[in-house]
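J.: Residue 331 in the numbering used here sits at position 69 of the sequence shown, and the numbers go up by one each step. Handing you this structure, nothing more for now.
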Amino acid sequence: MQLIQWLDADELGHYAIDREHRDVVEALNVAIKAFNDRKSEACVTAIESAVDATRRHFSHEEAVLLDFGYRGDDFEDHAAYHGRLLLEAEKIAALCKKDHRREFLEARLAELIHFVVNEIRSYDRKLVRHLSDTKITA
Ligand SMILES: [Fe+2]
Ligand SMILES: [Fe+2]
Numbered sequence: 263m264q265l266i267q268w269l270d271a272d273e274l275g276h277y278a279i280d281r282e283h284r285d286v287v288e289a290l291n292v293a294i295k296a297f298n299d300r301k302s303e304a305c306v307t308a309i310e311s312a313v314d315a316t317r318r319h320f321s322h323e324e325a326v327l328l329d330f331g332y333r334g335d336d337f338e339d340h341a342a343y344h345g346r347l348l349l350e351a352e353k354i355a356a357l358c359k360k361d362h363r364r365e366f367l368e369a370r371l372a373e374l375i376h377f378v379v380n381e382i383r384s385y386d387r388k389l390v391r392h393l394s395d396t397k398i399t400a
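Take a look at the structure:
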């Protein structure tokens, strides 16, 4: 499987959120490397780490959005999207823990990558105008 490349275009302009996105991508890349090295146990552990990093990130991103005054249906939709994505990610981690067959693991990991990359490159992109006024450096 190909590693996920972090692109300049992936930066939203908010230091903490960008750093968390990079952390999640890095955790997924650890899982991909382990998969490519045929280390199933390490791959499953890395998937769990990626899901944990995603959970922490969603909760923090929602707090940041509220701090920036993001409210109403747009906020609720985004938070609900996080909830659905996290549920799927947790299911994927649980399934991978039970079943280490290569084809199965590859398909589940590809799903997880799709969800996370979609969050960063598509869904969160809509937040830029709410976050880009202020570059937080801590
Ligand atoms: Fe995000
Ligand atoms: Fe998000």
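We put the beta carbon where it would ideally sit given N, CA and C, even for glycine.
Could you check whether the segment 293-305 touches the segment 320-327, counting it as contact only if at least three pairs of C-beta atoms, one from each stretch, sit closer than 8 Å?
T.: No contact exists between the segment 293-305 and the segment 320-327.
J.: Give the secondary structure of residue 274 by DSSP, where H, G and I count as helix, E and B as strand, and everything else as coil.
T.: Residue 274 falls in the coil class under three-state DSSP.
J.: May I have the straight-line CA-CA distance separating residue 388 from residue 311, to the nearest angstrom?
T.: About 26 Å.
J.: Out of 279, 275, 284, 280, state which residue places its alpha-carbon closest to the alpha-carbon of residue 265.
T.: Measuring from the Cα of residue 265, the nearest candidate turns out to be 284.
J.: Helix, strand or coil, according to DSSP, for residue 330 in the structure here?
T.: The answer is coil: DSSP assigns residue 330 none of H, G, I, E or B.
J.: Report, in whole angstroms, the separation of the C-beta atoms of residue 309 and residue 354, which I expect to be a contact under 8 Å.
T.: Their Cβ separation, rounded to whole angstroms, is 7 Å, which keeps residue 309 and residue 354 in contact under 8 Å.
J.: Just checking, does the segment 332-342 make contact with the segment 274-281 on the three C-beta pairs under 8 Å criterion?
T.: Result no; under three Cβ-Cβ pairs closer than 8 Å.
J.: Please classify residue 269: does DSSP put it in a helix, a strand, or coil?
T.: It is coil, neither helix nor strand.
J.: Measuring alpha carbon to alpha carbon, tell me which residue in 356, 299, 392 is nearest residue 333.
T.: Selected option, being the one with the closest Cα: 392.
J.: Please give the ranges of any beta strand (DSSP E) in the segment 282-349, keeping only runs that are unbroken, at least 3 residues long and fully inside the region.
T.: Those beta strand (DSSP E) runs which fall completely within the segment 282-349 and span 3+ residues do not exist here.
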